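What follows is a set of notes on a single structure, which appears directly below.
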Amino acid sequence: QSSEELIGRPVTDFVAPASLPPMLSDLARLIKPGDCSPPFPAVMIRSDGSGLDVEVLTVKMVWEGHDAFQVVTRDVSERRAAEAA
4 QSSEELIGRP VTDFVAPASL PPMLSDLARL IKPGDCSPPF PAVMIRSDGS
54 GLDVEVLTVK MVWEGHDAFQ VVTRDVSERR AAEAA
């Protein structure tokens with residue numbers, strides 16, 4: 004997908020259904036700007052529908068005067084494959 008197709012969509016559009024409840028629970032624990040979640044495992048959905056193992060870190064912030072979340076994901080699929088071997 005192009006960046007234009009992604010911008011403005013909620014990150015939850017790209018999260019596998021099984022990974023969504025723990026991610027939302029983590030977001031609810033972030034109370035004030037600067038609060039940060041510990042890294043946690045999740046599966047994101049690629050544009051072709053396949054899953055991607057990631058580690059997610061979320062920071063609560065203020066963006067243009069409104070509460071927002073910065074969500075950082077790191078691809079850990081190679082690490083997971085090595086652990087499984």
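In case it helps, this note's numbering puts the sequence shown at residues 4 to 88.
The beta carbon of each residue, even a glycine, is placed where N, CA and C say it ideally should be.
The structure presented is a predicted model; accordingly, all values stated were derived computationally and were not measured.
query                                                                                                                                  : result
Contacts around S80, its chain only, beta-carbon distance under 7 angstroms, and the 5 residues preceding and following it disregarded : L55 and D56
Same chain only: Cβ atoms within 8 angstroms of S40, ignoring 5 sequence neighbours per side                                           : D29, L30, R32, L33, V59, L60, T61 and V62
V65, buried or exposed, once every other Cβ within 10 Å from all chains shown has been counted against 16                              : exposed
Reduced DSSP secondary structure (H/G/I, E/B, other) of A19                                                                            : coil
Cβ shell of P36 (< 8 angstroms), same chain only, five flanking positions each side left out                                           : K63, M64, V65 and D70
Paired residues, beta bridge with A84 - DSSP                                                                                           : DSSP lists no partner for A84.
As assigned by DSSP and simplified to three states, the class of V79                                                                   : coil
A87 versus G68: straight-line alpha-carbon distance, rounded                                                                           : 45 angstroms
Residue burial classification, A85 (beta-carbon count within 10 angstroms, cutoff 16)                                                  : exposed
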